[in-house]
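Structure record follows, encoded as structure tokens.
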Amino acid sequence: MPTTVLLALEGLKCMGCANKVKNTLLTLSNVTDVTATPQYAKVTGDAPVDELIQQINALGYKAMTANKPDLILSLNGLACGSCVAKTQAALEAVSGVVSAEVDKTSARIFGSASADALIAAVTAAGYQAQVAESAAQTETNTETAQTSTPVTVLALSGLACESCEQATRSALLAVSGVTDARVSKTRAEVDGTADSAALIAAVEAAGYHAQLADATAEITLKKPDPEGVETVRAPVTQEVAEAMQAYPAAEPSAAIQSTIPAPTEAQVEPESAAAPTAASVNHAADDDAIQLMLTGLSCASCVTKVQNALQAVPGVQQARVNLAERTALVMGHPQPQALVQAVSDAGYQAEVVVDEALRREKQQKAAAANLKRLTWQSIVALGTGVPLMIWGMIGDNMMITADNQTLWTWLGSLTLLVMILTGRHFYVSAWRALKNGSATMDILVALGTGVAWLYSMVVTLWPQWFPPEARHLYFEASTMIIGLINVGHALEQKARSRSSAALERLLDLTPPTARVVHADGSEQVMPLAEVQTGMVLRLTTGDRVPVDGEVSSGEAWLDEAMLTGEPIPQQKQHGDTVHAGTLVQDGSLLFTAKAVGSQTTLSRIIHLVRNAQSSKPEIGRIADRISAVFVPVVVAIAIVSGLIWYFVGPQPQIAYALSVATTVLIIACPCALGLATPMSIISGVGRAAEFGVLIRDADALQQASKVNTLVFDKTGTLTEGRPQVTAVTCLADADEQQVLQWAGALEQGSSHPLALAVLQKAQGLTLPAVTEFRTLRGLGVEARADGQRLLLGNMALMMQNGIDTSAVQAQLEQAASRGVTPVLLAREHQLIALLEIRDPLRADSISALQRLHHDGFRLVMLTGDNPITANAIAKEAGIDQVIAGVLPDGKAAAITELQQQGYVVAMIGDGINDAPALAQADVGIAMGGGSDVAIETAAMTLMRHSLHGVADAMALSRAVMRNMKQNLFGAFVYNSLGIPIAAGILYPFLGVLLNPIVAGGAMALSSITVVSNANRLLRFTPENSPAEADLKSNVGDQ
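See the structure below:
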């Protein structure tokens, strides 16, 4: 895959020199694009850095890898990979900027642009920036940092899992003087001036053991900084060194070579020699997100209160609270304990989630216990309220008299006991909310039922204070309301559990154990938490892959459908990658663990899905703003309505006033408003994940639902992404096998895409030895094989050697119009074959594009290819518009032009080379096939490399937004109609006044309706989706 390298140049005096460098580098076959200035050269391709530097040095200039930025900006407001990509595209569009390396908090600028222009570009992109350091400051600050930041290394024991590591890191970060800490199961590296004794005490207090690492060995740790590499020497214990030596094939982050007892320096190399990309930085930032389990939340007002409390904690960049799941996701670097305290101060309870399995277990237990509690509370409350209501209606009509006063006193006391047993959570939550100055749904329920019971008991004890017609009792109303609302919450709890089923199915894909093969050949079944990178694991038929890795031996067919949506099992053999969660259908193999724990592709997908389920689109944030003032407004309406009925209503005025005020309090339902958006998001994002569509956040769903134009990158998106020999025409006495043997022999050893296509076609054939081999730049190759002189190349090579090509002239003329590259083979000055090479359309591209056309989308192809080839592909695929001959840095401008014409644009690309265009588009969709960079770059990522995934994503987006609008409309209409009716607006016209019990039932029904409507998304299937049949078969197999 092409990479981009930035080189710093010296000795260039003008743009003429820069163009000389550019033209020289473009002559290299493995260089695809070059941007050059007198200071920098930005090179895209597969060429080794050493070769690039050598070419530039040969021109009399000097080149080196660019490490020192000309300017560093500090950034604010960036929350995800899409924000980073958008900011990077904005900065690189500024005149004078050659390259910008961006993460969520900073941007390193290479080029001659002014700080004002850069800050203006960031501001225009919707974020904030200020100058952090100039080039001179960068150098000074780096030197200071390298000499002034002490690092203490501790040897740890007792840590068994990631939860232990997180707890230890949190304990160390809480020690005064600590600036950062990196913790594994056996060691901790602590930055800062904290005393070692205090660090050890903190670890011990967390329940583990620590000691200073002794001086029997020494390592050198490399930490990337803006200038290059910071070197910190620290001792390593014998125990740690032996653990490191046990896994020599481990990933660089885990494997440190050391010699015992002689002191040596070992290096922890970065995973790649390339500079960290924005995507990798983003992923690291996302991994630092802290998840909280919340209790005590009941409505949208609670969400607003908790979210504001979390946002106020130092170090928090963004906080997302999910009412449907009762969780919070906090991005940034806050102290976990500070988050818990903030939630507690707001009147709720929180617990930090450091282990996904433990979270799931606790959440399932809590959900089961909550459902059980709500069920028996509903039964008790309704079991008391219904008989009371029936007896009141049949017996004394709920009116107090001298004959039944004693009986109703006892029944009122019984009602109070039932209210405490079955509705205690309402009253406790309401009291907490009042103490913390917030207004929630629980306050409405507590006020409504409490006032009804209090009025009834006062009437029962002192009936002489009221006129006879006002001595109506509402004991049954209090218990019935609590019972009906509890029934609603119980049904809502069951529905919420179903909504999270898609994510739970992803969690179920990872097995709890793995079979580890030791160096002596013995096998051990080990808990998944103990598997480390570098370990060799065995898989056999029926196993699920426990971690990501690379096959070292054996062969197997793996079902990757639940991960990628791809229905056909994939063959895996030596050198292939296997992903956690996929299923071995047939075969056996050994593989080396490359990513474990939270670093596997499956874990990142789960993290992304959970992140998306916690997000809200703009339409949802409007509902939140309304919910923030909803409860106070409802209380005010209840008071005003009660006063109106008391002063101008019919007799008995006090009874009517109480009934109306209670009904208004009970019927209002901020719960429906609070659930309308998150329930649709949870169901929709989970369903999308089942179709192999990963959605970064809810805003992407809202934007995607408005898209009317789809822009496709050609290579690797519409097409296979690699040239193939599609036809072989043989002439004279040559046969196809002989032609392919000779062509393959001439191309072996070459990495050129056309050569690889020929070699793939010749795979399995015995290739003859070649002699007198020569590469003819820009023409082809020449050599001798089987004693004959052979030429393989283009038309110009044949003409230069006087070879007659008239026999294939008609085919050559048609080739360009069909997007075919002709390769000619000649033997002893005679043409013997024409090989047609092209990058063919993917097998399902045409059917997928037809499906998108049917759905009303305008289809555009954006490519750097020449117009003739591009139009040939577009005609075959059924594309509406072709934008050809566009360089990578011009793709974003092409997207902008389409947007200026009024189109809402989604860009579909590979998420790497198309990053500026993906960022500029209203929605960026990466055909990532599960790659890390693709997952981190785009607003949406398609896990299966099929354009049907685009159609599925668009259909799902529209369905989710439609469902969300239905929920919000229903919640708004319910409250807009219910509250005035409860206030008695119909009484003057129809004589109708709503009973408080009916109001309680309506309130419960509104929440149930919202949740049930959202759950319809769990059964949604895009029309004509090929993934449907495979999805059904997978569900059936579980």
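Its first residue numbered 1, the sequence shown is counted upward by one per residue in full-length UniProt numbering.
By construction, the Cβ of each residue, glycine as well, lies at the ideal position given by its N, Cα and C atoms.
(message) Per DSSP, what are the beta-bridge partners of V316 in this structure?
(response) Working through the sequence shown from its first residue, we reach residue 316 at position 316. Answer is G332.
(request) Would you kindly work out how many angstroms separate the C-alpha atoms of S1025 and S957, rounded to a whole number? (result) Here residue 1025 is taken as the residue at index 1025 of the sequence shown, counted from 1. Here residue 957 is taken as the residue at index 957 of the sequence shown, counted from 1. Their Cα atoms are separated by approximately 14 Å.
(request) Drop a sphere of 10 angstroms on the beta-carbon of residue 1055, count the other beta-carbons inside from all chains shown, and report buried for 16 or more, exposed for fewer. (result) An answer regarding residue 1055 cannot be provided, because it is not within the stretch 1 to 1038 covered by the chain.
(request) Determine the DSSP secondary structure at I485, reduced to helix, strand or coil. (result) Against the sequence shown, residue 485 aligns to sequence position 485. In this structure, I485 counts as helix in the three-state DSSP scheme.
(request) Taking N404 as the reference, give the member of R471, L416, A342 and V882 with the closest Cα. (result) For the purposes of this step, residue 404 is identified with residue 404 of the sequence shown, where counting begins at 1. Comparing Cα-Cα distances from N404 to each of R471, L416, A342 and V882, the minimum goes to R471.
(message) What residue range does the beta strand (DSSP E) around M399 cover?
(response) Counting from 1 along the sequence shown, the entry for residue 399 is found at position 399. Note, M399: premise wrong, no beta strand (DSSP E); not H, not E.
(request) Using beta-carbon positions only, say whether P1022 and A906 come within less than 8 Å of one another. (result) Here the question's residue 1022 lines up with position 1022 in the sequence shown. Here the question's residue 906 lines up with position 906 in the sequence shown. Going by C-beta atoms, P1022 is not nearer than 8 Å to A906.
(message) Under 8 Å, with one C-beta from each stretch per pair, do the segment 707 to 716 and the segment 968 to 976 reach the 3-pair mark?
(response) no
(message) Measuring alpha carbon to alpha carbon, tell me which residue in L1018, E560, L294 and G542 is nearest residue 1070.
(response) Since the first and last residues shown for the chain are 1 and 1038, residue 1070 lies out of range.
(message) Here's a check: name, in chain order, each residue in its chain whose Cβ is nearer than 7 Å to the Cβ of G177, leaving out the five neighbours to either side.
(response) Numbered from its first residue, the sequence shown carries residue 177 at position 177. G192, T193 and A194, listed in sequence order.
(request) Please look up how many angstroms separate the CB atoms of T662 and A452, rounded, as I've assumed it's under 8 Å. (result) For the purposes of this step, residue 662 is taken as residue 662 along the sequence shown, with counting starting at 1. For the purposes of this step, residue 452 is taken as residue 452 along the sequence shown, with counting starting at 1. T662 to A452, Cβ: 5 Å. Contact.
(message) For a test of the three-state rule: what should DSSP assign to E1023, helix, strand or coil?
(response) By one-based count along the sequence shown, residue 1023 stands at place 1023. E1023: coil per DSSP, three-state reduction.
(request) Using three-state DSSP, classify E720 as helix, strand or coil. (result) As a working mapping, residue 720 is identified with position 720 in the sequence shown. Reduced to three states, the DSSP call for E720 is coil.
(message) At the level of alpha carbons, what is the spacing between A89 and N67?
(response) Looking up residue 89 in the sequence shown gives position 89. Looking up residue 67 in the sequence shown gives position 67. Their backbone Cα atoms lie some 20 Å apart in a straight line.
(message) In whole angstroms, give me the CA-to-CA distance for A188 and V153.
(response) To locate residue 188, count along the sequence shown from 1; it is residue 188. To locate residue 153, count along the sequence shown from 1; it is residue 153. So the alpha carbons of these two residues sit roughly 6 Å apart.
(request) Can you grab the Cα-Cα spacing for the pair C730 / A833, in whole Å? (result) Locating residue 730 in the sequence shown gives position 730, counting from the first residue. Locating residue 833 in the sequence shown gives position 833, counting from the first residue. Approximately 4 Å, taken between the alpha carbons.
(message) Is it buried or exposed, L849, if we count other Cβ atoms within 10 angstroms and call 16 or more buried?
(response) Here residue 849 refers to the residue found at position 849 when the sequence shown is read from its first residue. So L849 counts as buried.
(message) By alpha-carbon positions, which one of A982, Q899 and V131 ends up nearest to V634?
(response) Looking up residue 634 in the sequence shown gives position 634. Nearest C-alpha to V634: A982.
(message) Relative to the C-alpha of A115, which candidate in G158, A125 and L71 has its C-alpha closest?
(response) On the sequence shown, residue 115 is found 115 positions in, with the first residue counted as 1. Comparing Cα-Cα distances from A115 to each of G158, A125 and L71, the minimum goes to L71.
(message) If distances are taken between C-alpha atoms only, which option among L754, G96, L12 and S74 comes closest to V102?
(response) Reading the sequence shown from its first residue, position 102 is the one you call residue 102. The option with the nearest alpha carbon to V102 is S74.
(request) Compute the beta-carbon to beta-carbon distance between V545 and V578, rounded to the nearest angstrom, for a pair I have assumed lies under 8 Å. (result) Within the sequence shown, numbered from 1, the residue matching residue 545 stands at position 545. Within the sequence shown, numbered from 1, the residue matching residue 578 stands at position 578. At roughly 5 Å, the Cβ-Cβ gap stays under 8 Å, so V545 and V578 are in contact.
(request) Run the CB neighbour count on G11, radius 10 Å, all protein chains shown included, and call it buried at 16 or more, exposed below. (result) Your numbering for residue 11 matches position 11 in the sequence shown. Counting Cβ neighbours within 10 Å, G11 comes out exposed, since fewer than 16 surround it.
(message) Rounded to whole angstroms, what is the Cα-Cα separation between L421 and S184?
(response) Taking the first residue of the sequence shown as position 1, residue 421 is located at position 421. Taking the first residue of the sequence shown as position 1, residue 184 is located at position 184. L421 and S184: Cα-Cα distance of roughly 48 Å.
(request) Would you mind reading off the limits of the beta strand (DSSP E) that contains F712? (result) By 1-based counting over the sequence shown, the position of residue 712 is 712. T709 to D713 is the span of the beta strand (DSSP E), which, as asked, contains F712.
(request) Could you please give me the residues that DSSP links to W557 through a beta bridge? (result) Against the sequence shown, residue 557 aligns to sequence position 557. W557 pairs with Q571 and D586.
(request) Check the DSSP bridge columns for D180 and list the partner residues they point to. (result) Position 180 of the sequence shown, counted from the first residue, corresponds to residue 180. Answer is D191, bridged to D180.
(message) Are the CB atoms of V313 and L339 within a distance shorter than 8 Å?
(response) Residue 339 sits at position 339 when you count from the first residue of the sequence shown. Residue 313 sits at position 313 when you count from the first residue of the sequence shown. A contact, by the Cβ cut-off of 8 Å.
(request) Rounded to whole angstroms, what's the CA-CA distance from L665 to A342? Just pull it up for me. (result) Your numbering for residue 665 matches position 665 in the sequence shown. Your numbering for residue 342 matches position 342 in the sequence shown. Near 29 Å, if we compare the C-alpha coordinates of A342 and L665.
(request) Return the CA-CA distance between P988 and V84, expressed in angstroms with no decimal places. (result) Counted from its first residue, the sequence shown places residue 988 at position 988. Counted from its first residue, the sequence shown places residue 84 at position 84. Between P988 and V84, the C-alpha separation is close to 60 Å.
(request) Please classify W645: is it buried, with 16 or more other beta-carbons within 10 angstroms of its beta-carbon, or exposed? (result) Against the sequence shown, residue 645 aligns to sequence position 645. Buried, by the Cβ-count rule.
(request) Enumerate in chain order the residues of its own chain whose CB-to-CB distance from Q724 is below 8 Å, with the five nearest sequence positions on each side excluded. (result) Residue 724 sits at position 724 when you count from the first residue of the sequence shown. Excluding sequence neighbours, Q724 sits near A757, Q760, K761, I837, R838, D839 and P840.
(request) To the nearest angstrom, report how far apart A100 and D786 are at their CA atoms. (result) Here residue 100 refers to the residue found at position 100 of the sequence shown. Here residue 786 refers to the residue found at position 786 of the sequence shown. If I take the Cα positions, the gap works out to 54 Å.
(request) Please report how far the alpha carbon of N19 lies from the alpha carbon of L6, in whole angstroms. (result) Your numbering for residue 19 matches position 19 in the sequence shown. Your numbering for residue 6 matches position 6 in the sequence shown. C-alpha separation (whole angstroms): 16 Å.
(request) Look at the alpha carbon of M15 and the alpha carbon of N23, and state the distance between them as a whole number of angstroms. (result) For the purposes of this step, residue 15 is taken as residue 15 along the sequence shown, with counting starting at 1. For the purposes of this step, residue 23 is taken as residue 23 along the sequence shown, with counting starting at 1. Rounded to whole angstroms, M15 to N23 spans 12 Å at the Cα level.
(request) Examine the Cβ distances between the segment 399 to 416 and the segment 380 to 390 and report whether three or more of them are shorter than 8 Å. (result) yes
(message) Using only the alpha-carbon positions, how far apart do I200 and H209 sit?
(response) Locating residue 200 in the sequence shown gives position 200, where the first residue counts as 1. Locating residue 209 in the sequence shown gives position 209, where the first residue counts as 1. The alpha-carbon atoms of I200 and H209 are separated by roughly 8 Å.
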